[in-house]
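Undergrad:
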Amino acid sequence: MSPDADIVVAGAGHNSLLTACYLAKAGYSCLVLDARHIPGGGAATEELVLPGFGIDTCATGHTMIRVNPALMADELGLISDYGLRYAEPDPVAQVAFPDGRQLTMWLDRERTVEEVARFSAADAAAYRRLLDEYDEVKSIFSRSQFTPVGFGPSLEAMLAEHPRGRIWARRRQLSAVEVVRHEFTSRHIQAFLLWMAFQVFQPVDAPGSGVLPYQQTSGRQQRSWSIPVGGSGRLTAALTGYLADHGGAVLCDRRVTRLLLADGRCVGVETDRGERYRAGTAVLSTIHAKHLRDMAPADAWPEEFHYGIDTYDVGVPGFATYYCATAAPAFASPDGPRSAVSAGMAGWPEDMIGMGADLRAGRFLADPAWVLVATPTLADPDRAPAGRHTVKVLTPQTYRPPDGDWASVKERHARCRVAGPPARANGLRTRPRACWPARSLWCAATIMFSMTVSREKTRVSWKVLPIPSANTLSGARLVILASFR
12 MSPDADIVVA GAGHNSLLTA CYLAKAGYSC LVLDARHIPG GGAATEELVL
62 PGFGIDTCAT GHTMIRVNPA LMADELGLIS DYGLRYAEPD PVAQVAFPDG
112 RQLTMWLDRE RTVEEVARFS AADAAAYRRL LDEYDEVKSI FSRSQFTPVG
162 FGPSLEAMLA EHPRGRIWAR RRQLSAVEVV RHEFTSRHIQ AFLLWMAFQV
212 FQPVDAPGSG VLPYQQTSGR QQRSWSIPVG GSGRLTAALT GYLADHGGAV
262 LCDRRVTRLL LADGRCVGVE TDRGERYRAG TAVLSTIHAK HLRDMAPADA
312 WPEEFHYGID TYDVGVPGFA TYYCATAAPA FASPDGPRSA VSAGMAGWPE
362 DMIGMGADLR AGRFLADPAW VLVATPTLAD PDRAPAGRHT VKVLTPQTYR
412 PPDGDWASVK ERHARCRVAG PPARANGLRT RPRACWPARS LWCAATIMFS
462 MTVSREKTRV SWKVLPIPSA NTLSGARLVI LASFR
């Protein structure tokens with residue numbers, strides 16, 4: 012039987028699409044299959060709530076992917092030929108602390124240093140040092156990240172050649188909390204840097220997270236909380252455009268349910284429709300490994316693979332709520348109301364440690380110590396009707412709610428975080444007749460998301476458009492790259 016393509020790809024998230032594009036560039040024919048009605052996975056923009064409001068289903072900030080050679084060097088022409096553009100909002104972030112004080116991060120490095128100096132002159136110098144020291148090694152970390160194992164020296168080997176490599180080797184072993192407490196004295200600045208570090212949803216008290224305050228803060232200081240103009244779906248559009256122009260194809264509404272095996276290797280896939288797609292060279296998958304295992308007989312996988320899957324930790328869950336708003340969230344900064352594309356509330360270091368312990372124990376977070384409020388329409392107003400905004404509120408949250416299941420309690424939980432008694436007691440100001448979550452997203456394996464908008468003296472004010480119904484979105488998946496032959 013002749014193959015349908017050289018490479019069959021299960022999953023059309025940005026990882027799959029990017030890989031397929033590079034394979035197409037190398038001359039391979041690629042066929043990409045996805046369960047959803049649109050490609051993109053976590054890089055999709057949809058009208059989830061109301062017509063005319065473009066909501067990023069998952070990812071909004073693209074700061075980290077911008078150092079990928081595909082974008083940094085525009086190796087696929089996504090920027091020059093396919094219209095991908097990025098906005099770099101300024102201010103970068105507006106962060107409120109439990110005592111009501113706030114910090115504004117600006118693209119101008121010295122202006123941010125001045126903000127840090129309001130809390131501690133010593134920490135202002137330490138902030139400069141943080142940026143300078145990471146500048147010395149960021150090319151090493153980037154090279155390691157984008158070099159496949161076996162195709163170049165390891166990160167450890169490259170650091171060993173650097174004059175301060177042993178210090179960085181130690182930082183890689185420490186936790187983010189240990190690093191910021193060692194380098195900074197102000198609890199506010201420690202809280203700010205941990206707020207930055209947690210944006211990758213890694214527990215900040217976990218060993219091995221010590222480089223995150225450097226990586227996350229440096230990237231945002233250089234490129235802001237970068238957002239694609241038009242939404243995350245613009246990255247997907249550029250990738251699918253490139254793939255189509257190079258002989259590839261994407262088929263949606265094709266959920267892969269089974270792997271086709273022959274002579275001990277995967278030769279294709281079968282969908283829930285009973286369709287079979289065969290590969291001439293290889294099959295690539297971004298299906299979560301826990302689901303991937305069930306798509307082949309148990310004896311097809313070695314013992315160590317089963318052990319790895321059985322002991323796999325999916326990481327920190329979260330809760331997301333989307334809103335269509337008549338105004339952007341405004342933070343009561345010392346210089347008056349201030350809005351930012353990336354904003355939020357940062358708990359004290361001990362609060363972040365406690366939150367991590369609660370998450371590991373599966374305890375419900377009634378008042379999370381970390382909140383991110385994303386309002387991309389401040390820098391990209393065409394995502395919404397004139398004068399309107401899209402707002403996405405993200406917090407970590409336990410995988411299972413204290414009573415019932417998320418399908419039955421998520422809307423009530425989201426409303427309580429914004430308009431319920433806890434929010435009013437903590438000083439949230441709202442003036443809508445109805446304060447309904449635009450849409451709450453529960454992703455079975457990873458990201459759920461809701462919020463406490465303010466605590467203690469923090470003031471946040473905004474209006475929310477009522478919606479005709481509170482329908483839900485399902486079927487989102489964690490994207491983990493897992494190729495096999």
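So for the sequence shown, our numbering puts the first residue at 12; every next one is plus one.
For every residue, glycine included, the Cβ atom is placed at its ideal position computed from N, Cα and C.
Keep in mind that this is a model prediction, so the values were computed, not measured.
1. With a CB to CB cut of under 6 Å and the five nearest residues on each side skipped, what residues in its chain are close to residue 14?
2. Kindly identify the DSSP beta-bridge partner or partners of residue 353.
3. Quick one: Cα of residue 358 to Cα of residue 109, how far?
4. So residue 281 is in the beta strand (DSSP E); what residue range does that whole segment cover?
5. What does a CB cutoff of less than 6 Å around residue 128 pick up in its chain, not counting 5 residues either side in sequence?
6. Quick check on the DSSP output: what are the complete beta strand (DSSP E) runs of length 3 or more inside the segment 98-173, in order along the chain?
7. Whose C-alpha, out of 375, 395, 383 and 55, is nearest the C-alpha of residue 412?
8. Could you check what DSSP says for residue 411 in three-state terms: helix, strand or coil?
9. Buried or exposed, going by whether 16 or more other CB atoms sit within 10 Å of the CB of residue 126?
10. Give a yes or no on whether the C-beta atoms belonging to residue 238 and residue 267 are separated by under 8 Å.
11. In angstroms with no decimal places, state the Cα-to-Cα distance between residue 146 and residue 139.
12. Return the CA-CA distance between residue 355 and residue 51, expressed in angstroms with no decimal places.
13. Sorted by chain position, which residues of the same chain lie with C-beta nearer than 7 Å to residue 252's C-beta, five sequence neighbours on each side aside?
14. At a cut of 8 Å, does the segment 31-46 reach the segment 203-223 through at least three beta carbon pairs?
15. Taking the alpha-carbon positions, what's the residue 159 to residue 339 distance?
16. What are the partner residues of residue 320, as DSSP defines its beta bridges?
17. Taking DSSP as the reference, what is the three-state secondary structure of residue 189?
18. Taking C-alpha atoms, which residue in 174, 80 and 385 lies nearest to residue 154?
19. Label residue 172 either buried or exposed according to how many other C-beta atoms from any shown protein chain fall within 10 Å of its C-beta, with 16 as the threshold for buried.
20. Under 8 Å Cβ to Cβ from residue 73, same chain only, skipping five residues before and after it: list those, please.
21. Per DSSP, which residues does residue 24 bridge with? Please list them.
22. Name the DSSP bridge partner or partners of residue 18?
23. Taking the straight line between their C-alpha atoms, what separation do you get for residue 53 and residue 83?
24. Just to confirm, is the Cβ distance from residue 272 to residue 28 under 8 Å?
25. Buried or exposed for residue 337, please, with buried defined as at least 16 other CB atoms from any protein chain shown within 10 angstroms of its CB.
26. Identify every run of the beta strand (DSSP E) within the segment 211-271, keeping only runs that are complete inside it and at least 3 residues long; order them along the chain.
27. In the DSSP assignment, the beta strand (DSSP E) including residue 331 goes from what residue to what residue?
28. Look at residue 400 and residue 263 and say whether their C-beta atoms are less than 8 Å apart.
29. Closest to residue 322 by C-alpha separation, out of 314, 405 and 103, would be which residue?
30. Going by alpha carbons, who is nearest to residue 118 out of 344, 233 and 89?
31. For residue 344, which residues from the same chain have a beta carbon less than 6 Å from its beta carbon, with the 5 sequence-adjacent residues on both sides left out?
32. Taking only the alpha-carbon atoms, compute the straight-line gap between residue 256 and residue 16 and give it to the nearest angstrom.
33. Could you compute how far the alpha carbon of residue 403 sits from the alpha carbon of residue 385?
34. Count the other CB atoms within 10 Å of the CB of residue 76; is the residue buried (16 or more) or exposed (fewer)?
35. Please confirm if residue 364 has its CB atom under 8 Å from at least one CB of chain B.
36. Taking the beta carbon of residue 177 as the centre, do at least 16 other beta carbons fall within 10 Å, making it buried, or is it exposed?
TA: Well, looking at it:
1. 289, 290 and 291
2. 385
3. 6 Å
4. 276-282
5. 135
6. 104-107 and 113-116
7. 375
8. coil
9. buried
10. no
11. 11 Å
12. 27 Å
13. 93
14. no
15. 42 Å
16. According to DSSP, residue 320 bridges with nothing at all.
17. helix
18. 80
19. exposed
20. 97, 237, 238, 239, 243 and 246
21. 51
22. 41 and 293
23. 21 Å
24. no
25. exposed
26. 260-262
27. 329-336
28. no
29. 314
30. 233
31. 113
32. 15 Å
33. 5 Å
34. buried
35. No chain B appears in this structure, which consists of one protein chain only.
36. exposed
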